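See structure below.
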Amino acid sequence: MSQRKVSLIISKGGLDEIYPALIMANAARMSGIDAMIFFTFYGLDAIVEKKVDHLHVNVVGNPTSPIPTMLAGLPGMERLAANMMQKRMEELDLPGPREMIETLEASGCDIYACELAMQMMEIKEDSLLPQVKAVITAGDFYDLSVGAQIIFT
Amino acid sequence: MTHKLDLVLEQLARIEARQEAVEEFIEEMTPVATAMMGAGITTFADFEQRGYFEFAKEIMRAIDIVITTYSIDEVRFFTDNAVLILDTVRNITQPDVLNIIDEAADAVHDAGDTKPVGAWGMFQATKDDDVRKGMSVALEIVRQVGRAASKMQSGESPIRKPRTRPSHRPAAPQSAAAPVAQAAPTRQSAPTSHAATKAVDPGFVEDWTVEKAAEIAASIGIEFTAEHKTVIEWARADYIERKASPNVRRITKGSGCDTRTLYQLFPGGPGKNVARIAGIPKPGGCI
């Protein structure tokens with residue numbers, strides 16, 4: 135059986151949008167499947183040092199949000215929801231995004247940042263987490279994903 | 022003496038009578054025979070004219086080509102399924118089916134003149150009743166093919182009972198499905214990979230020793246070193262204590278081996294490989 139590989143793309147910045155992809159990458163590594171993650175656009179928040187610990191859950195305009203949008207839009211509600219989720223994750227002993235990314239890099243998952251998105255949002259390379267392997271373009275992404283199953287989130 | 026002569030004379034008379042009869046017969050038959058020959062020659066000439074003999078020659082050539090091209094097994098397959106094949110051909114050549122195919126071919130003929138349509142054009146096209154009808158026929162075809170393909174996958178018998186069809190119903194959808202399903206009568210459904218990977222979990226191994234661990238490791242292609250031993254023994258002890266196999270995160274926290282090293286020691290999935298070598302069930306959970 136040939137070596138399986140998954141290439142994940144994370145393009146959105148909510149914790150509910152980043153976390154599942156990180157879990158999928160980790161599960162792939164645990165099963166011996168090669169994995170790589172390409173962070174682009176708002177997904178870059180997960181690999182920017184200053185932002186990774188402050189990711190929010192989408193509560194406004196989210197049809198599955200536990201808080202109705204009219205309330206969720208009030209100042210501070212989003213932070214409240216994020217704290218509640220954080221507490222829940224601690225109860226279950228789930229690692230936060232930073233720890234997930236550290237674990238992923240240690241398990242052999244390659245982490246990349248999108249060059250174009252970094253230019254658009256004026257993010258400098260030295261503001262990224264140390265686990266980021268390189269800043270690449272979409273074309274590079276495809277070259278690195280030969281034979282891989284690409285999952286776009 | 023005269024008696025014998027009489028006999029001979031009688032004999033001669035009889036022979037003469039017979040001779041006459043034969044001659045009469047020939048006389049009467051000759052025109053008939055001539056006519057028959059004439060008719061025969063005319064007919065053959067007619068055949069030649071209409072190309073029968075050329076055709077027969079070509080048929081012989083075709084048979085020769087078939088014999089040299091196909092192996093006897095293929096021909097046997099053909100003859101075994103001749104009824105099916107002919108049934109399908111009959112289906113396809115129903116007049117109403119041929120009509121539809123003919124009209125469709127017209128569309129292809131004019132294909133060069135048609136303008137490309139974009140998304141909006143497609144949306145507008147769905148307002149046209151003919152397009153709507155065509156879509157439903159196309160969907161029906163897709164449905165039939167899907168049904169037949171599912172039957173193929175589940176290994177169901179591909180032999181279809183021949184149906185008599187009311188003439189107004191287009192026969193194209195069913196006939197499209199039939200050859201697909203019947204073309205591979207001996208094909209078996211491939212086992213899914215889920216079944217394959219689920220099979221390899223021996224669960225808790227009672228009579229486990231460190232030597233056995235080394236053997237299992239070797240069978241996966243892992244060289245069993247002292248570092249491996251530490252992790253394995255810790256994992257087994259942890260399972261026996263908590264009655265649950267440790268997941269990768271727990272192993273990295275409890276065994277003293279960090280994530281990086283763990284993945285290097287146990288490539289191919291530390292969670293399941295540690296469990297296999299330690300003779301404990303595969304860990305559950307996602308993290």
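So the protein sequences, as listed, match chains U and R. All letters in the first sequence, in the order written, are residues 135 to 287 by the working numbering. All letters in the second sequence, in the order written, are residues 22 to 308 by the working numbering. Cβ coordinates follow ideal geometry from the N, Cα and C atoms, glycine included. It should be emphasised that the depicted structure is a prediction, and the values quoted were computed from it without experimental measurement.
Less than 9 Å separates the beta-carbon of residue 222 (chain R) from that of residue 302 (chain R). When the Cα atoms are used, residue 308 (chain R) and residue 280 (chain U) turn out to be separated by approximately 27 Å.
Shown in chain order are the members of the region 159-171 of chain U whose Cβ falls below 9 Å from a Cβ of chain R: 160, 161, 163, 164, 165, 166, 167. Looking at the DSSP output, residue 141 (chain U) shares a beta bridge with U:170, U:284.
Around the C-beta of residue 295 (chain R), 16 or more other C-beta atoms lie within 10 Å, and the residue is accordingly described as buried. In the DSSP secondary-structure assignment, residue 26 (chain R) is not bridged to any residue.
Between residue 242 (chain U) and residue 163 (chain U) the beta-carbon gap is near 6 Å, inside 8 Å, which marks them as a contact. Per DSSP, residue 284 (chain R) is not a residue of any beta strand (DSSP E); the alpha helix (DSSP H) it occupies stretches across 280-286. Taking the Cβ atoms as the reference, residue 145 (chain U) lies roughly 18 Å from residue 195 (chain U), outside the contact range of under 8 Å. DSSP lists U:270 as the bridge partner or partners of residue 248 (chain U). Residue 88 (chain R) and residue 104 (chain R) have their C-alpha atoms roughly 20 Å apart.
For residue 194 (chain U), the secondary structure class from DSSP, reduced to helix, strand or coil, is coil. In the displayed model, residue 252 (chain R) falls within a helix according to three-state DSSP.
In the three-state DSSP reduction, residue 262 (chain U) falls in the strand class (E or B).
For residue 240 (chain U), a Cβ of chain R is located within less than 9 Å of the residue's own Cβ.
CA-to-CA, the gap between residue 231 (chain U) and residue 171 (chain U) works out to about 13 Å.
Annotated three-state conformation of residue 182 (chain U) is strand, per DSSP.
By the neighbour-count definition (other C-beta atoms within 10 Å, threshold 16), residue 266 (chain R) is a buried residue. What residue 229 (chain U) touches in chain R, judged by beta-carbon distance under 9 Å, is 270, 308, going in chain order.
Residues of chain U with a Cβ closer than 9 Å to the Cβ of residue 279 (chain R) are, in chain order, 240. Residue range 140-146 is occupied by the alpha helix (DSSP H) that includes residue 145 (chain R). Boundaries cannot be given for residue 136 (chain R), as no alpha helix (DSSP H) includes it and DSSP labels it neither H nor E. For the pair residue 174 (chain U) and residue 120 (chain R), the Cα-to-Cα distance works out to about 54 Å. Contact of residue 292 (chain R) with chain U by beta-carbon distance below 8 Å involves 164, 165.
Note that the C-beta distance between residue 149 (chain U) and residue 182 (chain U) is not below 9 Å. By the CB criterion at 9 Å, residue 245 (chain U) and residue 251 (chain U) fall outside the cutoff. Three or more beta-carbon pairs separated by less than 8 Å link the region 284-300 of chain R to the region 251-264 of chain R, which places the two stretches in contact. Residue 247 (chain U) is positioned such that its CB atom lies closer than 9 Å to that of residue 269 (chain U). Taking a Cβ-Cβ threshold of 9 Å, none of the residues of chain R is close to residue 284 (chain U); the smallest such distance is about 19 Å.
Neighbours of residue 157 (chain U) across chain R, judged by C-beta separation under 8 Å: 307, 308. Taken residue by residue, none of the region 119-143 of chain R has a beta-carbon sitting less than 9 Å from a beta-carbon on chain U. Contact check for residue 193 (chain U) and residue 212 (chain U): beta-carbon distance about 6 Å, within the 8 Å limit, so the pair qualifies. For the options U:136, U:199, U:271, U:235, the alpha carbon positioned closest to that of residue 219 (chain U) is the one of U:199. Here residue 97 (chain R) is exposed. Its C-beta has fewer than 16 other C-beta atoms within 10 Å.
Listed by position along chain U, the residues whose Cβ is nearer than 9 Å to that of residue 260 (chain R) form an empty set, because the closest Cβ is around 17 Å away. Rounded to whole angstroms, the gap between the alpha carbons of residue 159 (chain R) and residue 143 (chain R) is 15 Å.
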